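Step one of this worksheet: look at the structure below.
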Amino acid sequence: MEILRTVVEPLLTEALKSIGVQNAHWKKMLVPSRERDQGDLSLPCFPFAKQLGQAPDTIAEKIAQALQSAPAIGEVNAVAGYLNIKANPQWIASKVIDGQIRIGDARGNLSSNDREVLIEHTSANPNGPFHVGRARNAILGDTLVRLHRLYGNKVRAEYYVDDMGKQVAVLAWALENMTKSEVDSLLNNDDSNNPQWAGKADHERVRWYQAAQLARQERDDKQAIEDEISRMVHASENGDQQVLQSFESAYQPVLDGMLTTLERLGIKFDTFTKESKFVINGDVARLMEQFAGLEIHGTADNGAQFLDLGARGLKGKTEFFFRRGDGSSLYATRDIAYHIWKWSQSDQLINVLGEDHKLQAKQVGLTLKELGQKAPQVMFYSFIKLPEGKMSTRKGNVVFMDDLLEEAKAQAAAVVAELRPDYSAEQVLEIAEAAGTSAVRFNIIKVSPDKGFTFRWEEALAFEGGSAPFVMYSHARSCSIAKKCIDSGIDIDAVMSQDAIDIPSEMPVGLVELLRSIAVHNDILEKAVIDRRPHLFANQLLHLSTAFNSFYRDCMILNDGEVNKFNFRISQTARALMRTAMEGLGLIPLEKM
RNA sequence: GGGCGUGUAGCACAGCUGGAUAAUGCGUUGGCCUCCUAAGCCGAAGAUCCCGGGUUCAAAUCCUGGCACGUCCGCCA
3 MEILRTVVEP LLTEALKSIG VQNAHWKKML VPSRERDQGD LSLPCFPFAK
53 QLGQAPDTIA EKIAQALQSA PAIGEVNAVA GYLNIKANPQ WIASKVIDGQ
103 IRIGDARGNL SSNDREVLIE HTSANPNGPF HVGRARNAIL GDTLVRLHRL
153 YGNKVRAEYY VDDMGKQVAV LAWALENMTK SEVDSLLNND DSNNPQWAGK
203 ADHERVRWYQ AAQLARQERD DKQAIEDEIS RMVHASENGD QQVLQSFESA
253 YQPVLDGMLT TLERLGIKFD TFTKESKFVI NGDVARLMEQ FAGLEIHGTA
303 DNGAQFLDLG ARGLKGKTEF FFRRGDGSSL YATRDIAYHI WKWSQSDQLI
353 NVLGEDHKLQ AKQVGLTLKE LGQKAPQVMF YSFIKLPEGK MSTRKGNVVF
403 MDDLLEEAKA QAAAVVAELR PDYSAEQVLE IAEAAGTSAV RFNIIKVSPD
453 KGFTFRWEEA LAFEGGSAPF VMYSHARSCS IAKKCIDSGI DIDAVMSQDA
503 IDIPSEMPVG LVELLRSIAV HNDILEKAVI DRRPHLFANQ LLHLSTAFNS
553 FYRDCMILND GEVNKFNFRI SQTARALMRT AMEGLGLIPL EKM
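Residue numbering for the first sequence follows the working numbering, beginning at 3 and increasing consecutively.
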């Protein structure tokens, strides 16, 4: 609780001086209390024991007595060698009532500094529909974008389009050289695809891609196919406009289909940058020339070139190849050119990458440093597995995002229809869409990115406990009560702007817990943003919602047509915080559900 | 074989820049709707924090050695 720390630190400095502690090392020992019942900030007194020649219990006791009181400080107690300080709930309440709690805006309308953060995420090869595994990148990346905006940063969300290389070449080749019946027969007429996605290019064209992959292994003329694809790949890497154009017409509809899926999850990008840009404009060629002059540069027998990053701390295989024997560039080389360009666009770079890219990211980072540039920050995430094992399109062991979202909506609709029998069918579907997509997002956001994650339908579609609908429900309740106030003729604007609001001297536990949660809300947002750990904020929103529900139980806002102004103001603050936090996580803040 | 990551109640997951009685949800279980949305609230039971050693006043957290799982170790992307 940082707002409490600013008050407590000077007082604690004095108190510690009075018992003989002069230096300020203790400041980093003053931490949020682990035992929430005990306090908001705690100072373990064990390290002072040796210095003062006294028992930690005694020291804690002495500090407690020497600590000057202040309006911010509620209880101070000394327990088992800890000095525990609890904020005065009335003091927190006064801060809330005075509007001193930052609400924020995840849509980016409240940027409070001029730095711009460029967050690159997703950047999936445009060769097929998103499955749940690939979507973890998009959901985490978009959440990071939103949280930065909520925090007050200017953000640019960027998609790096892989518009050259083998994967798109295969897709382009297939679309130009294979008929539908060929594709169908190669895939054994197995159309397990959901017919609902007929006409959606990512689902349609991926069949050509898959069929081509089989053709490359099975067909009699497979060598000819390979030669042709190889020719296209190399032409693209040399910036051949005609080939690049044919690639684009192959992948663009696929990419559009993928983006449609993401849009349903509230995910949007500000800019798209094509990989070929840096080949065409000569950056890649110049970069390779520059590499050749570096002291860690090396050349293989066939003329391929590399940098030996072993000298820069890379372990394992230390040769980082940036140029093939035939002189063409490699993916990582282009990625470095891309990063140099990105640094010209922004002060802070963040990439969201799967754990399989760790080595490559390390190589790019070290090379950028070798060139005198900074390495980007990276948020890595572990892969999503299915209970049956690794997700694999080839083996058909895959859950498509489009199907998941449909299923989520259908199951949510069943729940809504049962819980709210009086709602119209249209209303039910609207709520179901919001609850379903939010649930899917939240399910992925709330776990730590570096934790392996097993996708289970029953968990993704759980609509209670620690889920998005739980949060949405708390928020909807806060909206409902406000609406009720308006409906009973109360001028809520007047209540909100009224200066003197009495703060009750007695507070029920639900209210106190809500105030404490509000008081740490922005601390946790900051930590989640700086540490790139969105799940921390997801957790906070869960706590805030739980606290709101307890407050709602304990504190009547509307009683016999009379509004309790204090409770109403607290409720409205919580409502605003829940709303912006939900937007920050990409959940849809319905006002009624 | 080497690098990196993960291992915490039946299940899932938080805590990991050392600090108290290891938090939360599901599941199990007991209560609460004549009272602002019960998708809710309140209570109970449930944990050798993967294993062994070490550092420390203090280890789930740091070091070290194992084990298990994931991932990478392409002149692929």
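Even for Gly, the Cβ is constructed at its ideal location relative to N, Cα and C.
Predicted, not measured: the structure shown is a model, and the values here were computed from it.
- Nearest to G327 by alpha-carbon distance, out of T320, G305, D310, I21, is G305.
- The continuous beta strand (DSSP E) containing D310 extends over residues 307-310.
- Three or more beta-carbon pairs separated by less than 8 Å are not found between the region 483-493 and the region 38-57, which leaves the two stretches without contact.
- In the structure shown, L316 falls within a coil segment according to DSSP collapsed to helix, strand and coil.
- Listed as beta-bridge partners of A80 by DSSP are L85.
- DSSP, reduced to helix, strand and coil, places P91 within a helical segment of the structure shown.
- Taking K453 as the centre and dropping the five residues before and after it, the same chain places the C-beta of S384 closer than 7 Å to its C-beta, in chain order.
- Per DSSP, reduced to three states, the secondary structure at H205 is helical.
- The residue among K224, V400, S394, N196 with its C-alpha nearest the C-alpha of V172 is K224.
- Going by beta carbons, L311 and Q350 fall outside the 8 Å limit.
- Taking C-alpha positions only, Y162 is separated from S394 by approximately 23 Å.
- Just so you know, the alpha carbons of E184 and D192 end up roughly 13 Å apart.
- Counting the other CB atoms within 10 Å of its CB gives D116 a total below 16, which places it among the exposed residues.
- Contact check between the region 485-504 and the region 567-576: three or more CB pairs, one atom from each, fall below 8 Å, which counts as touching.
- When rounded, the separation of the alpha-carbon atoms in V81 and Q362 is 50 Å.
- Contact between the region 307-324 and the region 255-274 is absent, with fewer than three C-beta pairs closer than 8 Å.
- As DSSP reads the structure, Y211 sits in no beta bridge.
- For the options Q102, G22, G512, the alpha carbon positioned closest to that of K52 is the one of G22.
- In the DSSP annotation of this structure, the continuous segment of the alpha helix (DSSP H) that includes Y153 starts and ends at 134-153.
- Excluding the 5 residues flanking it on each side, D204 has same chain C-beta neighbours closer than 7 Å at G130, P131, V256, G259, M260, in chain order.
- By a beta-carbon distance limit of 8 Å, A415 does not contact I590. Their separation comes to about 15 Å.
- Non-local beta-carbon contacts of N399 in its own chain, meaning distances under 8 Å to residues more than five positions away in sequence, involve L388, E390, G391, K392, M393 in chain order.
- D242 counts as buried, since no fewer than 16 other beta carbons sit within 10 angstroms of its beta carbon.
- For S251, the uninterrupted alpha helix (DSSP H) run begins and ends at 243-266, by DSSP.
- Listed as beta-bridge partners of H299 by DSSP are L309.
- The continuous beta strand (DSSP E) containing N353 extends over residues 350-356.
- Under the DSSP assignment, L69 falls outside any beta strand (DSSP E); it carries neither an H nor an E label.
- Nearest in C-alpha terms to D144, of all of M31, I352, K376, is I352.
- Pairing I121 with T262, the inter-Cα distance amounts to about 20 Å.
- A straight-line Cα-Cα distance of about 9 Å links F402 and G135.
- Short of 7 Å from the beta carbon of Q212, and not among the five residues preceding or following it, lie these beta carbons of its own chain, in chain order: L189.
- Rounded to the nearest whole angstrom, the C-alpha separation of E220 and D533 is 48 Å.
- Just so you know, the alpha carbons of S348 and P378 end up roughly 11 Å apart.
- When secondary structure is reduced to three states using DSSP, P46 falls in the strand class.
- Annotation: the continuous alpha helix (DSSP H) that includes I433 extends over 427-447.
- Counting C-beta pairs closer than 8 Å gives fewer than three between the region 522-536 and the region 454-467, which falls short of the contact rule.
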